[in-house]
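Just so we're aligned, residue -4 is where the sequence shown starts under my numbering, counting upward by one. Every residue gets a Cβ at the ideal spot worked out from N, C-alpha and C, and that includes glycine. Structure, as structure tokens:
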Amino acid sequence: MAEETASRERSRDIGALPALVLLFVTTFLLRMTGNMVQTTIPLFAQDYLGMDAAEVGLASALFIGAGIASPLLIVSRVRVDSLTASLLAFSSLFALAVPLFYFSDSILSFIALILATSVASSTVMLLMLTSAQTMRPGSAHRTIGIYTVALSSSLVFGPALEGIVAGAYSGLRPVFLAFFPFVLASVLLIAVRHVFHARSGADGQPGRRAAALPTMKDARRLLSSRGFLLPTLGQMSYSIVFASILSFGGILAEQSIGAGYGMVFYLFGAFFATSWATRIVLTLAPDVRRKTLLLSISIVVSVAGMSMIRFSNSAPLMFLSFAILGIPHGLQYPVSTMMIAQATPRERLPVANALFTSAGAIPFAAAPIAIGYLSGTFGLPVSFMLMALPVVGIWLAFLFVQFTFRTEDEAAPSY
-4 MAEETASRER SRDIGALPAL VLLFVTTFLL RMTGNMVQTT IPLFAQDYLG
46 MDAAEVGLAS ALFIGAGIAS PLLIVSRVRV DSLTASLLAF SSLFALAVPL
96 FYFSDSILSF IALILATSVA SSTVMLLMLT SAQTMRPGSA HRTIGIYTVA
146 LSSSLVFGPA LEGIVAGAYS GLRPVFLAFF PFVLASVLLI AVRHVFHARS
196 GADGQPGRRA AALPTMKDAR RLLSSRGFLL PTLGQMSYSI VFASILSFGG
246 ILAEQSIGAG YGMVFYLFGA FFATSWATRI VLTLAPDVRR KTLLLSISIV
296 VSVAGMSMIR FSNSAPLMFL SFAILGIPHG LQYPVSTMMI AQATPRERLP
346 VANALFTSAG AIPFAAAPIA IGYLSGTFGL PVSFMLMALP VVGIWLAFLF
396 VQFTFRTEDE AAPSY
């Protein structure tokens, strides 16, 4: 009997392989292109449209703001049984907008493209997450692991390709054209998902009607759920760390150890390498248990890494600090989304993912402003250590929810 069960599971894994490959490749291509757009917008605004620092900041804030709003206004209202159609629509919008940056020569067209790409990319990535959560209900941790490994891989490969293209053509406009084939390929791959839909169970159970569109009642139910609050608090804590590293990590390395551009690239390489390795381990694990403990450990490691940066006055210590901070980056998002998939009914996953993402985006947007202000008074190294304080505060809230919050989802499988 055990052999027969194992044989059925192996057959199911083989049958799901095409869908899993499509999930990985599509996520990789979309995230790589979305990251390119986000990181290139400030330089494009300054070098091609003559915007000053304040205007560049507003352009970046517009991209982030649209990315926060779209999950709440769009993703939360997508039915689980219409994921593929929604993915096709928004990935097509993304593919249409990306190459148009090449021709943008006015602030008005630039703003329109910022809005289009932000809404399209943030919506598509959340829909891809929902697809990963519902593709194989019995092995959600593996599909979510594959999804997050694709995210990490894109953040390693994408910036390197962007640098090569920008250097070869001495400009930013060709970069948008160079990435267009990738986003176009992702649209075609999403279309191919239809072929494997019934066979692999992608997007959940084919033909099953979802429940009514999410309402404020659904949001209140999620916000009173221990299985939703814990991963959301975990993600909010690391958003502070990640935003600080992305915004000021390179500048900190320059000021503290005199790092040049090459060393800064390798520091971020160490960060994303440990993140990637952590997610690989999660994906290969037979099962991921004690998720709340993993999130708590991740927060503690984040605080330790942010504090350690304060005293990193040599290259080896700085590399170690960046590498340590890559571990919680690799843990937080996949473990959090596994918990949400475990605790949330399938038809409510879009609204759960939307609230989860928007909650994490708020500290992500606020952290660079805060650390920039603090650095003017205390200096950048001390400011990094001070940014660990709100992380500790969120951790205390996390522990409060974990040990005192009791809701109806306690009957769910162990977190």
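My assumption, with CB atoms under 8 Å, is that residue i sits in contact with residue j. Please give the rounded CB distance.
i: residue 222; j: residue 338; result: 2 Å
i: residue 252; j: residue 309; result: 6 Å
i: residue 178; j: residue 25; result: 7 Å
i: residue 112; j: residue 188; result: In fact, because the Cβ distance is near 22 Å, the residues do not count as touching under 8 Å.
i: residue 273; j: residue 124; result: The Cβ separation is near 18 Å, so there is no contact.
i: residue 400; j: residue 224; result: 7 Å
i: residue 355; j: residue 270; result: About 16 Å separates the two Cβ atoms, so there is no contact after all.
i: residue 128; j: residue 336; result: 4 Å
i: residue 119; j: residue 82; result: 6 Å
i: residue 58; j: residue 109; result: 5 Å
i: residue 73; j: residue 12; result: Contact flag wrong, Cβ pair sits at about 26 Å.
i: residue 141; j: residue 15; result: 6 Å
Helix, strand or coil, according to DSSP, for residue i in the structure here?
i: residue 29; result: helix
i: residue 170; result: helix
i: residue 73; result: coil
i: residue 58; result: helix
i: residue 215; result: helix
i: residue 202; result: Only weak support exists for where residue 202 lies, its pLDDT of 40 falling under 50; the value from the coordinates is given anyway. In the structure shown, residue 202 sits in coil (DSSP, three-state: anything other than H, G, I, E or B).
i: residue 339; result: coil
i: residue 307; result: coil
i: residue 165; result: coil
i: residue 274; result: helix
i: residue 99; result: coil
i: residue 158; result: helix
i: residue 382; result: coil
i: residue 47; result: coil
i: residue 280; result: coil
i: residue 325; result: helix
i: residue 255; result: coil
i: residue 188; result: helix
i: residue 137; result: helix
Could you pull the start and end residues of the alpha helix (DSSP H) that residue i belongs to?
i: residue 85; result: 78 to 92
i: residue 368; result: 344 to 373
i: residue 237; result: 221 to 252
i: residue 400; result: Residue 400 -> no alpha helix (DSSP H), and no H or E assigned at all.
i: residue 115; result: 102 to 130
With 16 other CB atoms within 10 Å as the buried threshold, where does residue i fall?
i: residue 98; result: exposed
i: residue 329; result: buried
i: residue 364; result: exposed
i: residue 320; result: buried
i: residue 267; result: buried
i: residue 152; result: exposed
i: residue 391; result: exposed
i: residue 372; result: exposed
i: residue 306; result: exposed
i: residue 430; result: Because the chain spans -4 through 410 in this model, residue 430 falls outside it and cannot be assessed.
i: residue 262; result: buried
i: residue 277; result: buried
i: residue 351; result: buried
i: residue 168; result: buried
i: residue 284; result: exposed
i: residue 311; result: exposed
i: residue 279; result: exposed
i: residue 395; result: exposed
i: residue 159; result: exposed
i: residue 220; result: buried
i: residue 155; result: exposed
i: residue 384; result: exposed
i: residue 137; result: buried
For the candidate residues the options, whose alpha-carbon lies nearest to that of residue i?
i: residue 103; options: 169, 393, 40 and 323; result: 40
i: residue 71; options: 341, 23, 37 and 311; result: 341
i: residue 358; options: 176, 128, 236 and 321; result: 236
i: residue 170; options: 157, 95 and 398; result: 157
i: residue 84; options: 115, 109 and 380; result: 115
i: residue 146; options: 387, 20 and 383; result: 20
i: residue 231; options: 35, 361 and 89; result: 361
i: residue 38; options: 52, 239 and 29; result: 52
i: residue 35; options: 258, 381, 55 and 122; result: 55
i: residue 344; options: 22, 66 and 28; result: 66
i: residue 28; options: 182, 42 and 289; result: 182
i: residue 323; options: 334, 346, 313 and 299; result: 299
i: residue 289; options: 226, 301 and 50; result: 226
i: residue 296; options: 63, 386 and 122; result: 386
i: residue 43; options: 100, 91, 76 and 33; result: 100
Kindly examine the ligand NAD and report whether one of its heavy atoms sits closer than 7 Å to the Cβ of residue i.
i: residue 390; result: With respect to small molecules bound, the structure shown includes none, and the ligand NAD cannot be examined in it.
Of all the CB atoms in chain D, is at least one closer than 8 Å to the CB of residue i?
i: residue 109; result: Given the protein chain composition of this structure (a single chain), no chain D is represented.
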